[in-house]
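Below is one structure; the comments refer to it alone.
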Amino acid sequence: MVSESGDLIPLKRERFTFKAAHLAVLERYYEKDPYPDSQTREQIVDECNKAVERAVRVSDRPLAERERVTLPVVNNWFNNRRKEAKKQLRQQHG
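The numbering used here puts the first residue of the sequence shown at 1069, with every later residue one more than the last.
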């Protein structure tokens, strides 16, 4: 984006908001394997989106684009979850 003076204005990206259905799927897969391969990550994306679509279908509205999980979202979630687990482990063993 460009201001009136011609300077570039950085765009803030919108953060993804996880729904309970997303988190249930992600945690289930994390318990099986905290380092899923690329094929498994694709399955996670599909399963997360299907889970939320089922929940949204009850309210008779389509799934909004911002509610849709993408591969980078799943990758970031797993990275953050592993980091959180490592931090908790360090705190327990002080």
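Just so you know, even glycine gets a beta-carbon here, dropped at the ideal spot from N, CA and C.
Exercise. Thinking C-beta only, is residue 1130 closer than 9 Å to residue 1124?
Worked result: yes
Exercise. Hey, residue 1109 and residue 1142 are a contact pair by Cβ (cut 8 Å); roughly how many whole angstroms apart?
Worked result: 5 Å
Exercise. Using the beta-carbon count (16 or more within 10 Å), is residue 1161 buried or exposed?
Worked result: exposed
Exercise. Can you name, in chain order, every residue of its own chain whose Cβ lies under 8 Å from the Cβ of residue 1034, other than the five neighbours on each side?
Worked result: As shown, the chain starts at 1069 and ends at 1162. That puts residue 1034 outside it, with no answer to give.
Exercise. What separation, rounded to the nearest whole angstrom, lies between the Cα atoms of residue 1079 and residue 1115?
Worked result: 30 Å
For this session: Output the distance between the C-alpha atoms of residue 1112 and residue 1153, rounded to the nearest integer angstrom.
Result: 20 Å
For this session: Report the residue from 1139, 1156, 1159 whose alpha carbon sits nearest the alpha carbon of residue 1094.
Result: 1139
For this session: State the Cα-Cα distance for the pair residue 1107 and residue 1150, rounded to the nearest angstrom.
Result: 19 Å
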